[in-house]
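Beneath this line is the structure, given in structure tokens, with notes to follow.
2 protein chains.
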Amino acid sequence: MEMRPHVVIIGAGFGGLETARRLAKAPVQVTLLDRRNHHLFQPLLYQVATAALNPADIAYPIRAAVATQKNVRVLLAEALAIDPAARTVALDGGGSLHYDYLVVATGATHSYFGKDQWAQFAPGLKSVEDALEIRRRIFLAYEAAEREADPVVQREYLTFAVVGGGPTGVELAGALGEIGLLTLKKDFRSIDPTNVRVILFEGTDRVLRAYPPKLSTAAKESLEKRRAEVRLNTFVTAIDATGVTVKTAAGEERIGVRTILWAAGVQASPLAAFLDVPRDKSGRVIVNPDLSIPDRPNVFVIGDLAKMMIAAGAQEEVPGVAQGALQGGRHVAKIIATEAAGQTSERPAFRYHDKGNMATIGRAEAVVATKSVAIHGLFAWLMWWAVHIFFLVGFRNRVLVMLNWMWSWLTFQRGARLITGPVGPLPPITTIDEHGDIPLPRAAKSVELRDLPS
Amino acid sequence: MEMRPHVVIIGAGFGGLETARRLAKAPVQVTLLDRRNHHLFQPLLYQVATAALNPADIAYPIRAAVATQKNVRVLLAEALAIDPAARTVALDGGGSLHYDYLVVATGATHSYFGKDQWAQFAPGLKSVEDALEIRRRIFLAYEAAEREADPVVQREYLTFAVVGGGPTGVELAGALGEIGLLTLKKDFRSIDPTNVRVILFEGTDRVLRAYPPKLSTAAKESLEKRRAEVRLNTFVTAIDATGVTVKTAAGEERIGVRTILWAAGVQASPLAAFLDVPRDKSGRVIVNPDLSIPDRPNVFVIGDLAKMMIAAGAQEEVPGVAQGALQGGRHVAKIIATEAAGQTSERPAFRYHDKGNMATIGRAEAVVATKSVAIHGLFAWLMWWAVHIFFLVGFRNRVLVMLNWMWSWLTFQRGARLITGPVGPLPPITTIDEHGDIPLPRAAKSVELRDLPS
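Top to bottom, those sequences are chains A and B. Counting from 1 along the first sequence, just add 268 to a position and that's the residue number in my numbering. Counting from 1 along the second sequence, just add 268 to a position and that's the residue number in my numbering.
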């Protein structure tokens, strides 16, 4: 029997899945591990959290993605430890795998900067479960507001805070505004959902720091049209069930808010620690120019878990986006395939091709920045739309997401407005009189549909 | 201010939602309570459990369903008690509602015939959460089988049991067979998913007792083509984490099976007890011919919570299907609207119009029975398809479900193969050698795609 090298890939995100696929024709055996059965298209996860898409629209079974690739075995398993000297990965359940090559692509998770007690009050957005929990909280807040008799508390239920002004924070804040202004507009009787208030907290002096300053300004203005206040140079110092405390140059302030979302810090997956090599302060592995780790040429780290430079000797880092992980996966697959085929040329250094960044703020509003272009508005939004559809895994998902978006565009509705999981406790109902009279909600005072870009 | 009667409706299933909608033009104020924010199209819930549809495809926000109906207020609330003398409904959170008319439409839940400890091993199918839990168990069983080294245990993971041969049991059993035979066919390396084994247990001498005997026979044969053994005259006497014990005329038998689904008994919602009127042994309220309850002409019970007769004086019961609830809702709405308008004619008795029954078994296979027709096969399946699309709430859902089904039909895939929630514990991985060699799965021995009706 032929002895093909065994390539173990941990994590089937953008980097890991791409590595496996690019090894399709290489003389290797691949084992692809993930603790989930699905590959997640994370750039659209905020759309699940805000009820625009279904989980299954952006999550694709890993097995189905490589079903016809005969040299890949998929295992639903969690890697608990790595022993680089013995070349083994220890798995949940007590088993372990031996590898000839190892690709670690387990990504990052939220970081609360040491304040882990904030997690329960301000969930972050990394998994399908996170997204469903956020969706539950958003729509439950309106239900609680409808039942609430105290106007101060009712106001707090209609207030939504987002911590962190990166792409995820901006996308969430824009969608939160539109849910009240457009989706739920007509659905309540005691509250007026268009009185929604969104607050986006950002520690630096602009949102979307990876973009040119003029796009940060445009994004801020677009958010403000959607009832989102953007508070720059503001740090969150405390979070609990009924509000946040923030610190600015002017001093501390307490803001009553019942729904808080976390889009601030990330930290590398803990698996990195077993590799026993230098890491940066957020825990990412500092990789060699070929993406292997020091002294272990058969171990590669790619994606959000790696601190990769855009080229050998460069000072600029590869951003933590899908493109970085995909390109890293391709690079590593090429090296492994070459060596498995018996060729012994020197390994090439990784070189990042920056295809630009894009983020969406809402209906007909996105920002797009490439080396040569910095635009926002309708055309940017159409570009965002096309690119995201194109990169979605699986033909069916593309079609369904496209239809969902077209439907939302036409109806202002969101297709997945489902509250699943625990409901309540909700405020007591004391506001309905003997005859169930239905007070008309206060008329919407501010942003109207026609003010939004159409 | 005009004094309109206050109609409180508990439950926004088929019966409750229909009552509210049919009161659109009546001079009443309606409060529609539900402990969920969505109306659930329960006839298709098994398709969520078997990954063919997304939860949001069959769950529609109650608020959106009545958003433009100005005399309806929707409350996300749980009714804890009813006081018919005081005409009040006590709600979670401590508040209560006064009513002039009350419509109780809270349906039914599973019954384990007093063996509530079985619930953890054999979940039933009533809510979106139930469906997602069943989906999780089904697909996790294949993952566990792929990891399992012991062939006996592996066999148990590839065995699925369904208790109860009514429509839900038959639909689940058919889909379970097709998941292994078609959907997962190519996706594993250590197991052959087409070796799936499904066992349907039914206590009486045929499945689908509400249908003509020849359709029961046809359903049984169709199930057998899908690798489902149908065990008639068989009672389950014990259920635990690794199997079931059944009793037949031949004696007791223990069967090792890791995934067990419950589709056997239902019992009426506990709210019925507060009405203080006679109930049948499954807890349903025995209603008057006009669907009100004895001595309380302003309280109606409809849907699965009521024991309704098909006409005044008839001995035949209205079956616990959507049509029964919808027609009950229409009847009650008409009575309330008439009386609210000041007319005092005698109340008409409810009369059920039997539009027939239908259940699907799998690709191109369904049974349809009306007064004049009893058919099965492709044409029945197309009828099932058309009727279910037609009755789905919301245009968007209809389109998406149609597309999902067409896609599944063409590709043999299921669109929502997502495992969410806890994963594991799974068996240890001890079956992969040093070089990760991938054994070819044993060739499928039995049912091939071409044997299935296409």
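No residue lacks a Cβ here, since even glycine has one placed at the ideal position from N, Cα and C. If you're wondering where the values come from, they're calculated on a predicted model, not measured in any experiment.
Inter-residue Cα distance where the pair is residue i and residue j
| i | j | result |
| --- | --- | --- |
| Val-553/B | Met-576/B | 9 Å |
| Glu-416/B | Val-655/B | 43 Å |
| Val-589/B | Lys-623/B | 11 Å |
| Tyr-367/B | Ala-540/B | 17 Å |
| Thr-374/A | Thr-336/B | 48 Å |
| Ile-459/B | Val-421/B | 12 Å |
| Arg-718/A | Thr-688/B | Only weak support is given to the placement of Arg-718/A: the predicted model assigns it a pLDDT of 36, under 50, and the value that follows is read from those uncertain coordinates. Distance between the alpha carbons of Arg-718/A and Thr-688/B: 40 Å. |
| Gln-535/A | Gly-551/A | 6 Å |
| Ala-323/A | Glu-584/B | This sequence places Pro at residue 323/A; Ala is not what is there. Whole-angstrom Cα-Cα distance: 44 Å. |
| Gly-511/B | Ser-395/B | 25 Å |
| Gly-630/B | Val-430/B | 16 Å |
| Arg-404/A | Lys-639/B | 45 Å |
| Arg-615/A | Ala-345/A | 31 Å |
| Leu-660/B | Thr-679/A | 18 Å |
| Pro-709/A | Phe-456/A | With a pLDDT of only 44 at Pro-709/A, under the threshold of 50, the placement of this residue in the model should not be trusted, and no figure is reported. |
| Asp-351/A | Phe-282/A | 24 Å |
| Leu-559/A | Arg-303/A | 23 Å |
| Leu-476/B | Gln-388/B | 26 Å |
| Ile-601/B | Leu-300/A | Contrary to the premise, residue 601/B reads as Ala rather than Ile in this sequence. Roughly 58 Å between the two C-alpha positions. |
Spatial neighbours of residue i in its chain, beta-carbon cut-off 7 Å, leaving aside the 5 residues before and after
| i | result |
| --- | --- |
| Ala-605/A | Leu-291 and Ala-294 |
| Thr-436/B | Tyr-314, Leu-393 and Ala-531 |
| Leu-312/A | Leu-321, Ile-326 and His-656 |
| Gly-662/A | Tyr-328 |
| Ala-478/B | Pro-587 and Asn-625 |
| Pro-480/A | Ala-637 and Ala-642 |
| Pro-546/A | Ile-554 |
| Ile-561/A | Leu-543, Val-545, Val-553, Val-555, Val-567 and Val-569 |
| Trp-649/B | Thr-628, Ala-632, Glu-633 and Ala-634 |
| Tyr-369/A | Pro-273, Val-275, Asn-566 and Ile-604 |
| Ile-402/A | Ala-317, Pro-391, Leu-393 and Leu-529 |
| Arg-685/A | Ala-319 and Phe-407 |
CB contact flag (residue i, residue j, <7 Å)
| i | j | result |
| --- | --- | --- |
| Ala-487/A | Val-635/A | yes |
| Ala-642/A | Thr-527/A | no |
| Ala-617/A | Pro-557/A | yes |
| Ile-277/A | Ala-347/A | no |
| Val-525/A | Thr-451/A | no |
| Ala-399/B | Ile-507/B | no |
| Ala-349/A | His-307/A | no |
| Asp-762/A | Leu-491/A | Nothing about residue 762/A can be read from this structure; chain A reaches only from 269 to 722. |
| Lys-454/A | Thr-462/A | no |
| Gly-519/A | Leu-468/A | no |
| Ala-376/A | Asp-548/A | no |
Same chain, Cβ closer than 6 Å to residue i, five either side skipped, listed in chain order
| i | result |
| --- | --- |
| Arg-272/B | Pro-295, Val-296 and Gln-297 |
| Phe-503/B | Gly-471 and Lys-515 |
| Ser-714/A | For Ser-714/A, the predicted model reports a pLDDT of 38, less than 50, meaning its position is unreliable; a value from the coordinates is still stated below. So the list is empty, once near-sequence residues are dropped. |
| Gln-591/A | Lys-623 |
Chain-order list of residues whose beta-carbon lies under 8 Å from that of residue i (same chain, five-residue window excluded)
| i | result |
| --- | --- |
| Ile-657/A | Arg-666, Val-669 and Met-670 |
| Ser-364/A | Thr-356, Val-357 and Ala-358 |
| Lys-482/A | Ala-642 |
| Arg-465/B | Arg-423, Leu-426, Thr-427, Phe-428, Arg-495 and Glu-497 |
| Met-269/A | Any answer about Met-269/A is weak, because its pLDDT of 47 lies below 50 and its placement is not dependable; what the coordinates show is given next. Answer for Met-269/A: no residue qualifies. |
| Phe-381/B | Ala-532 and Gly-533 |
Any non-hydrogen atom of the ligand GDP closer than 6 Å to residue i Cβ
| i | result |
| --- | --- |
| Ile-603/B | Looking for the ligand GDP in the displayed structure turns up nothing, as the structure carries no ligands at all. |
Below 8 Å between beta carbons is the criterion; list the residues of the segment 585-607 of chain A that meet it against any residue of chain B, in chain order. none
Kindly confirm or deny that the segment 275-287 of chain A and the segment 587-602 of chain A touch, where touching means at least three C-beta pairs closer than 8 Å. They touch, by the three-pair rule.
Contact the segment 396-414 of chain A vs the segment 676-696 of chain A: 3+ CB pairs below 8 Å: Verdict: yes, contact present.
The segment 665-699 of chain B: which residues have C-beta closer than 8 Å to a C-beta of chain A, in chain order? Val-667, Leu-668, Leu-671, Asn-672, Trp-675, Thr-679, Gln-681, Gly-683, Ala-684, Arg-685, Leu-686, Ile-687, Thr-688, Gly-689, Val-691, Gly-692, Pro-693, Leu-694, Pro-695, Pro-696, Ile-697 and Thr-698
Using a Cβ-Cβ cut-off of less than 7 Å, list which residues of the segment 312-333 of chain B approach chain A; keep chain order. Asn-322, Pro-323, Ala-324, Ala-327, Pro-329, Arg-331 and Ala-332
Is it a yes or a no for the segment 488-496 of chain A touching the segment 427-444 of chain A, going by three-plus beta-carbon pairs under 8 Å? yes
Between the segment 416-431 of chain A and chain B, which residues of the former have a C-beta closer than 8 Å to a C-beta of the latter? The segment 416-431 of chain A vs chain B, Cβ under 8 Å: nothing.
Beta carbons nearer than 7 Å to chain A: which residues of the segment 392-413 of chain B have them? Val-396, Glu-397, Phe-407 and Glu-411
Using a beta-carbon distance cut-off of less than 9 Å, what residues from the segment 340-372 of chain A approach chain B? Val-340, Arg-341, Val-342, Leu-343, Leu-344, Ala-345, Glu-346, Leu-359, Asp-360, Gly-361, Gly-362, Gly-363, Ser-364, Leu-365, His-366, Tyr-367 and Asp-368
Between the segment 442-455 of chain B and chain A, which residues of the former have CB atoms less than 8 Å from a CB of the latter, in chain order? Leu-452, Lys-454 and Asp-455
Along the segment 275-287 of chain B, where does the CB come closer than 7 Å to a CB of chain A? Name the residues. none
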